[in-house]
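In the numbering used here, the protein residues as written are 6 to 260.
Yeah, the Cβ is synthetic: ideal placement off N, Cα and C, and Gly gets one too.
One structure is given below, encoded as structure tokens.
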Amino acid sequence: MTCFRYLIAGNWKMHGTLSQTREYLDTLKKLLGEDPGAEVVVCPPFTLLAEAVSLTRGSPIHVGAQDMFWEDWGPYTGEVSAPMLKDLGCRYVIVGHSERRQLFGEKDREVREKVKAALKNDLIPIVCVGETLEQREQGLTERVVYQQLEGSLEGLEGEEVQRIIVAYEPVWAIGTGRNAEPGDAQEVAAFIKKELQAMYGERALGISLLYGGSVKPENIESYLEQPDIQGALVGGASLDPHAFASIIKIASKRG
Ligand code: PGA
């Protein structure tokens with residue numbers, strides 16, 4: 006799907022003003038230059054997307070949204086749709102992030118509708134799955150991840166499957182500074198790939214898998230060394246353009 010070996014996406018969550026975005030992207034563009042050697046995506050809040058698209062035009066940085074609604078248009082107060090994101094110039098959209106699942110009650114069925122709507126509108130969905138600490142301690146990681154995959158991704162048609170990206174983000178590792186052991190992340194990544202192949206056969210072979218959860222410049226390499234991990238979804242560390250650029254540079258050296 007991308008010509009790079011790794012994809013590094015930054016999820017700004019609910020952070021950023023217009024002036025901070027200008028300063029951030031100016032710095033990031035300078036740090037990365039013309040050829041960052043990895044697919045780079047920034048996902049600011051909705052209010053900053055238009056500015057981010059305009060500031061990254063002609064640069065190797067792509068823009069993604071953090072969520073969307075599945076209907077194209079209509080009486081859905083407060084929602085933003087895939088055609089609107091596409092129209093702005095977004096290329097990616099994060100779907101089913103654990104904060105949306107946990108804080109806003111998003112269900113797999115809704116994630117699936119969003120994935121389908123994103124694909125229909127030519128956006129690349131980054132679909133997040135991952136277990137809570139309690140589920141991990143109870144030995145339920147594979148069962149939970151399997152249910153999320155099946156519920157969020159079943160029923161995709163034809164080559165649609167090849168355009169999705171899956172992010173494995175153990176909930177207990179997000180924003181906690183407590184990153185997963187790379188070997189544990191690899192184990193779940195391999196499980197996810199096996200299940201996707203069981204669902205979609207050969208069509209699933211090219212799906213990229215990202216790890217997310219307290220990724221920093223100090224630990225990114227240990228994830229990229231894993232055979233089933235093709236990049237990272239970075240939260241906190243992506244808010245600092247220097248830290249984000251360091252992560253991208255480490256990926257680029259391996260790529
Ligand atoms: P974190 O967030 O890097 O701050 O742990 C990751 C994410 O939520 O995608």
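| Asked | Found |
| --- | --- |
| Among residues of its own chain, excluding the 5 on either side of residue 250, which ones have a beta-carbon nearer than 7 angstroms to its beta-carbon? | 33, 36, 37 |
| Where are the alpha helix (DSSP H) runs, 4 residues long or more, that stay fully inside the stretch 192-258, in chain order? | 225-229 |
| Taking buried to mean at least 16 other C-beta atoms within 10 Å of its own C-beta, is residue 264 buried or exposed? | Missing from the structure shown is residue 264; the chain here goes from 6 to 260 and no further. |
| Using a Cβ-Cβ cut-off of 8 angstroms (strictly less than) and excluding sequence neighbours within five positions of residue 26, which residues of its own chain qualify? | 49, 53, 56, 57, 60 |
| Indicate the three-state DSSP secondary structure (helix, strand or coil) for residue 17 in the structure shown. | coil |
| Let me make sure I understand the geometry here. Which of 235, 241, 252 has the alpha-carbon closest to that of residue 9? | 235 |
| Short of 6 angstroms in beta carbon distance, which residues of its chain neighbour residue 7, apart from the five on each side in sequence? Order them along the chain. | At residue 7, the pLDDT of 49 sits below 50, so the modelled position is not reliable and the matter cannot be decided from this model. |
| Please report the distance separating the alpha-carbon of residue 143 from that of residue 150. | 14 angstroms |
| According to DSSP, which residues form a beta bridge with residue 133? | 172 |
| Grab me the residues of residue 257's own chain with a C-beta within less than 7 angstroms of its C-beta, minus the 5 sequence neighbours each way, in chain order. | 41, 42, 43 |
| Ordered along the chain, which non-local residues of its own chain (more than five positions away) have a Cβ less than 8 angstroms from that of residue 125? | 87 |
| Pull up the distance between the alpha-carbon of residue 197 and that of residue 77, whole angstroms please. | 30 angstroms |
| Rounded to whole angstroms, what is the Cα-Cα separation between residue 12 and residue 79? | 34 angstroms |
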